[in-house]
Amino acid sequence: MPELPEVETIRRTLQERILHRRIQGVRVSYQKVLRNCTELEFNQALRDREFVQLDRRGKYLIAYLDSHNRVVIHLRMTGRLVVLPRDYPMEKHVSLQIYMSGEEELRLIDQRKFATVYLLQEPGFGPIKGLATLGMEPLEEGFTCIYLTEQVQGRTAAIKSVLLDQRRVAGLGNIYADESLYRAGIFPGRPAGSLSSTEINRLHQSIQRVIGEGIAHRGTTFRDYVDGDGRKGGFQELLRVYGREGEPCRMCGEPIGRVKLAGRSSFYCPLCQR
DNA sequence: AGTAGGACCTGGTGGC
DNA sequence: TGCCACCAGGTCCTAC
287 MPELPEVETI
297 RRTLQERILH
307 RRIQGVRVSY
317 QKVLRNCTEL
327 EFNQALRDRE
337 FVQLDRRGKY
347 LIAYLDSHNR
357 VVIHLRMTGR
367 LVVLPRDYPM
377 EKHVSLQIYM
387 SGEEELRLID
397 QRKFATVYLL
407 QEPGFGPIKG
417 LATLGMEPLE
427 EGFTCIYLTE
437 QVQGRTAAIK
447 SVLLDQRRVA
457 GLGNIYADES
467 LYRAGIFPGR
477 PAGSLSSTEI
487 NRLHQSIQRV
497 IGEGIAHRGT
507 TFRDYVDGDG
517 RKGGFQELLR
527 VYGREGEPCR
537 MCGEPIGRVK
547 LAGRSSFYCP
557 LCQR
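Under this note's numbering, the first residue of the first sequence is numbered 287, with each subsequent residue one higher.
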């Protein structure tokens, strides 16, 4: 579900509510959510500790304990993280609860059970391959036109697939990739290597703008995304193509089209995107 | 090296 | 109302 702007919004809202609070224990109701440790090990590592820092890399959340151990969470499609009073009624699909001082708890709720949680007790991100191999983030200093050019040149794969490849650009998902390509006027199925330098420049600018605006609007609630406070995002009002099949393009009025690329729906304007 | 397809899961929607 | 096929914002693995 959440892409970079949503995960960043969750990070910002959550850090106010979980940092520097004593962890009293954990409860794992879906065992497979823990990918590299048992419930017992997880409980032992967290109990009587506190989180001191909450970072984000791509779509991963990284929570640092005062022991220097780290908890890494990826929400995948439907994961949600919310802080609630301990006696708040249990929702369906709760995978994990972390009990904190102050009679509150952090809940991981995940309808499709794809979300993953790791406990890292050694330096580095080795055990989490996707995290260890992430590319540049759109708003990171190193994400330059030159960098993007290196990522696309010589590739025959569709530019959309390249944008979704987290090793090349960290944090884009289906929504923000489509919105970036629309704003750059590039058809998602174009071979990446066929983009001119002008198009790469436009795409670079579009990605940064779309991600920046996405964060400013606290993410996109297309289905059920909410931040750590339970609030919906606002960027869905600003979507130009995603989910708008058949509706008029805001630039030219042509009905928005949809194609399957790499198994994913891609929305685009047949006239504005070449 | 690339890419297509299946796997991981559940629920909502639309067709009949 | 019931049943069924299909769809979903992500990533990983295997097979070609």
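Glycine included, C-beta positions come from ideal geometry on N, C-alpha and C.
Predicted model only: the values in this text are computed from it and were never measured.
- Message: Residues in the same chain with beta-carbon distance under 7 Å from P371, minus the five sequence neighbours each way, listed in chain order, please.
- Response: For the purposes of this step, residue 371 is taken as the residue at position 85 of the first sequence. Here the set comprises E389, E390.
- Item | Three-state secondary structure (DSSP) of I414 | The sequence position of residue 414 within the first sequence is 128, counting from 1. Three-state result, I414: coil.
- Task: Provide the residue span of the alpha helix (DSSP H) that contains I445, from first to last.
- Result: The residue labelled residue 445 in the question sits at position 159 within the first sequence. Segment 445 to 450, the alpha helix (DSSP H) holding I445.
- Query: Where does E391 sit, in a helix, a strand or coil, going by DSSP?
  - Reply: In the first sequence, counting from the first residue as 1, residue 391 sits at position 105. The answer is strand: DSSP assigns E391 an E or B state.
- Item | Cβ neighbour criterion (16 or more within 10 Å) applied to A463 | Translated into the one-based positions of the first sequence, residue 463 becomes position 177. Under this definition A463 is a buried residue.
- In three-state DSSP terms, what is D242? In this structure the chain extends from 287 to 560, so residue 242 is not present and cannot be described.
- Cα-Cα separation between G428 and M422, rounded to whole angstroms: Along the first sequence, read from residue 1 onward, the residue named residue 428 stands at position 142. Along the first sequence, read from residue 1 onward, the residue named residue 422 stands at position 136. When rounded, the distance between both Cα atoms is 7 Å.
- Item | For L406 and V358, the rounded distance between their alpha carbons | For the purposes of this step, residue 358 is identified with residue 72 of the first sequence, where counting begins at 1. For the purposes of this step, residue 406 is identified with residue 120 of the first sequence, where counting begins at 1. Their Cα atoms are separated by approximately 8 Å.
- Item | Start-to-end residues for the beta strand (DSSP E) that takes in Y374 | One-based indexing of the first sequence puts residue 374 at position 88. Per DSSP, Y374 belongs to no beta strand (DSSP E) and is neither H nor E.
- Rounded separation between V369 and L417 - CA only: By 1-based counting over the first sequence, the position of residue 369 is 83. By 1-based counting over the first sequence, the position of residue 417 is 131. Straight-line spacing of the CA atoms in V369 and L417 works out to 25 Å.
- Cβ pair G479, Q439 closer than 7 Å: Numbered from 1 along the first sequence, position 193 holds the residue referred to as residue 479. Numbered from 1 along the first sequence, position 153 holds the residue referred to as residue 439. In this structure, Q439 lies closer than 7 Å to G479 by Cβ.
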